[in-house]
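Numbers 1 to 392, taken from the UniProt record's numbering, label the letters of the sequence shown in order. Every residue, glycine too, gets a C-beta built ideally from N, C-alpha and C. Before any comments, here is the structure.
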Amino acid sequence: MMLQTPIPLPETADTRLAETPRDWLARYGGDSPVLLVCPEALSARHDRFRHGFPGEVTYAVKANPDPGVIGQLAAGGMRGFDVASPAEMTLLRGLCPKAVLHYHNPVRSRAEIRAGIAAGVASWSVDDMGELDKLSACGVAPGTEVAVRVKLPVAGAAYDFGTKFGAAPDLALALLTRATALGLRVSMTFHVGTQCADPDAWTAYMAACDGLARAAAVRLARLNVGGGFPSGRDGAEPELAPIFAAIGRAHAAFDGAPALVCEPGRALVADAMVYAVPIKARRGAALYLADGTYGGLSECPSIGVPRVDLIAHDHRAPEATMPFTLFGPTCDSLDRLPGQTCLPGCAQEGDWLLFRSAGAYLVGVTTCFNGYGTYEKGLVSRLWTDPARPLG
Ligand SMILES: *Cc1c(COP(=O)(O)O)cnc(C)c1O
1 MMLQTPIPLP ETADTRLAET PRDWLARYGG DSPVLLVCPE ALSARHDRFR
51 HGFPGEVTYA VKANPDPGVI GQLAAGGMRG FDVASPAEMT LLRGLCPKAV
101 LHYHNPVRSR AEIRAGIAAG VASWSVDDMG ELDKLSACGV APGTEVAVRV
151 KLPVAGAAYD FGTKFGAAPD LALALLTRAT ALGLRVSMTF HVGTQCADPD
201 AWTAYMAACD GLARAAAVRL ARLNVGGGFP SGRDGAEPEL APIFAAIGRA
251 HAAFDGAPAL VCEPGRALVA DAMVYAVPIK ARRGAALYLA DGTYGGLSEC
301 PSIGVPRVDL IAHDHRAPEA TMPFTLFGPT CDSLDRLPGQ TCLPGCAQEG
351 DWLLFRSAGA YLVGVTTCFN GYGTYEKGLV SRLWTDPARP LG
């Protein structure tokens, strides 16, 4: 295998655990943005999945490829990981040599397929006849698990994942038949779309998978219900239990009861971190931040701004909130968060904004456009305190 590219990640400069984000920032003298990580919150969310999801929980590595996160999940019993590239496989093999790898990016070059075989990939997703034949031609052996990825016009997520990947039901049926003829171990999978709070999205997909497997007369080895589970971007605890219950009910009605798997990314890691970004300048109702859409806030234009809290750097009395426009630090006028964000009217230079649910799609996503995009990492033992209390 030639691809050994490490995934660049920030170093933890200060490894001392602080109690809260406010405590961490109070002793920090710098002015870089800081990703504050709460290992306890990560374990708590992992436990909610382990005890609540009626099947095996695997982790979609792209949501946060930090070795600390992967190591902690593995220490908590996570065995399976969804990897999407040879670099992610190398990362996983280096951290957890015994991890079970699911290569569920359905479009792969032949070199990537060979890298996957060399890394011992246990499951491959397919959504196209040419890709299925490519797997066989590159040496994916009979008996290997292949999960047919289906797409449906289902709403409920922050944006639609079906526009890029997934086979429409007719094609999925043909793929089930062909994969069976090739002697592969046939499963099915789907992705309802990320940050999906609607249990019916999973049940609609599961019913479709059941119907397709019956129509193809295939007994599925496993059913992988994907990721897409919501995080608490609005500041409230995400409602995972109703989704787990709906999946359990749909599974009970499923022909042959294939083993259930899920592969959450966002919902496992997002709420274990907050992103603290300093305000560099205020001009009227506009705040200029030390990071923006080319950095750790890159998801805001597509799925909206999460809950933001202000931490004042001094002992100003909290004021009533007002809407602010938030700009990133680069010289590109597109570098601005969508809409307006309500914050205390006293917000000023030197204060910090805490963006919630920052543990997903920040690590590994930031660019160094215009010389920005670097941040510190810090550890906290809990994420919330009274946001009205000032620093220090
Ligand atoms: C990204 C991805 C996931 C994780 O999605 P989340 O919305 O972060 O839970 C799971 N499976 C596959 C195949 C993915 O590409």
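Item, Value
"Apart from the five residues on each side of it in sequence, which residues of its chain come closer than 7 Å, Cβ to Cβ, to residue 49?", "57, 264 and 268"
"Looking at residue 106 and residue 83, is the spacing between their C-beta atoms short of 7 Å?", "no"
"Going by the CB atoms, is the gap between residue 228 and residue 192 shorter than 7 Å?", "yes"
"Going by the C-beta, is residue 271 closer than 6 Å to any heavy atom of ligand 1?", "no"
"Report the three-state DSSP secondary structure of residue 99 (helix, strand or coil).", "coil"
"If you measure from each CB to the nearest heavy atom of ligand 1 and keep those under 7 Å, what residues do you get, in chain order?", "60, 62, 63, 82, 84, 104, 105, 125, 191, 194, 195, 226, 227, 228, 229, 263, 264, 265, 266, 267 and 360"
"Who pairs with residue 148 in a beta bridge, going by DSSP?", "126 and 188"
"With DSSP run on the structure shown, which of helix, strand or coil describes residue 324?", "strand"
"Just how far apart, CA to CA, sit residue 216 and residue 129?", "16 Å"
"Would you tell me roughly how many angstroms separate the C-alpha atoms of residue 145 and residue 203, rounded to the nearest one?", "23 Å"
"Using a Cβ-Cβ cut-off of 7 Å (strictly less than) and excluding sequence neighbours within five positions of residue 122, which residues of its own chain qualify?", "100, 101, 102 and 145"
"Within 8 Å, do at least three Cβ pairs link the segment 360–376 to the segment 39–48?", "no"
"Report the three-state DSSP secondary structure of residue 280 (helix, strand or coil).", "strand"
"Quick check: the Cα distance between residue 183 and residue 170, rounded to an integer number of angstroms?", "21 Å"
"Count the other CB atoms, across all protein chains shown, that sit within 10 Å of the CB of residue 120; report buried if there are 16 or more and exposed otherwise.", "exposed"
"Please report how far the alpha carbon of residue 408 lies from the alpha carbon of residue 331, in whole angstroms.", "Because the chain in this structure spans residues 1 to 392, residue 408 falls outside the shown range and cannot be described."
"Just curious, the beta strand (DSSP E) that residue 404 is in, first and last residue?", "The first residue shown for the chain is 1 and the last is 392, placing residue 404 beyond what the model contains."
"Taking the alpha carbon of residue 297 as the reference point, which residue from 62, 354, 251 and 348 has its own alpha carbon closest?", "354"
"How is residue 353 classed by DSSP in three states: helix, strand or coil?", "strand"
"Flag this pair as yes or no: are the beta carbons of residue 326 and residue 337 separated by less than 7 Å?", "yes"
"Using a threshold of 7 Å, state whether the C-beta atoms of residue 185 and residue 221 are closer than that.", "yes"
"Relative to the alpha-carbon of residue 233, which residue among 241, 308, 276 and 177 has its alpha-carbon at the smallest distance?", "308"
"Could you pull the start and end residues of the alpha helix (DSSP H) that residue 180 belongs to?", "169–181"
"Just mark residue 299 as buried or exposed, buried being the case when its beta carbon has 16 or more other beta carbons within 10 Å.", "buried"
"Considering only DSSP beta bridges, list what residue 61 is partnered with.", "The partner list for residue 61 (beta bridge, DSSP) is empty, contrary to what the question assumes."
"What separation, rounded to the nearest whole angstrom, lies between the Cα atoms of residue 72 and residue 284?", "44 Å"
"Can you give the Cα-Cα distance for residue 25 and residue 305, rounded to whole angstroms?", "22 Å"
"Using the Cβ count rule (16 or more neighbours within 10 Å means buried), how would you classify residue 382?", "exposed"
"Could you name the residues that DSSP lists as bridge partners for residue 309?", "354"
"Starting from residue 241 and walking both ways along the alpha helix (DSSP H), at which residues does that stretch end?", "241–252"
"Just mark residue 242 as buried or exposed, buried being the case when its beta carbon has 16 or more other beta carbons within 10 Å.", "exposed"
"What does DSSP give as the partner residues of residue 287 in its beta bridges?", "282 and 326"
"Taking the alpha-carbon positions, what's the residue 314 to residue 346 distance?", "11 Å"
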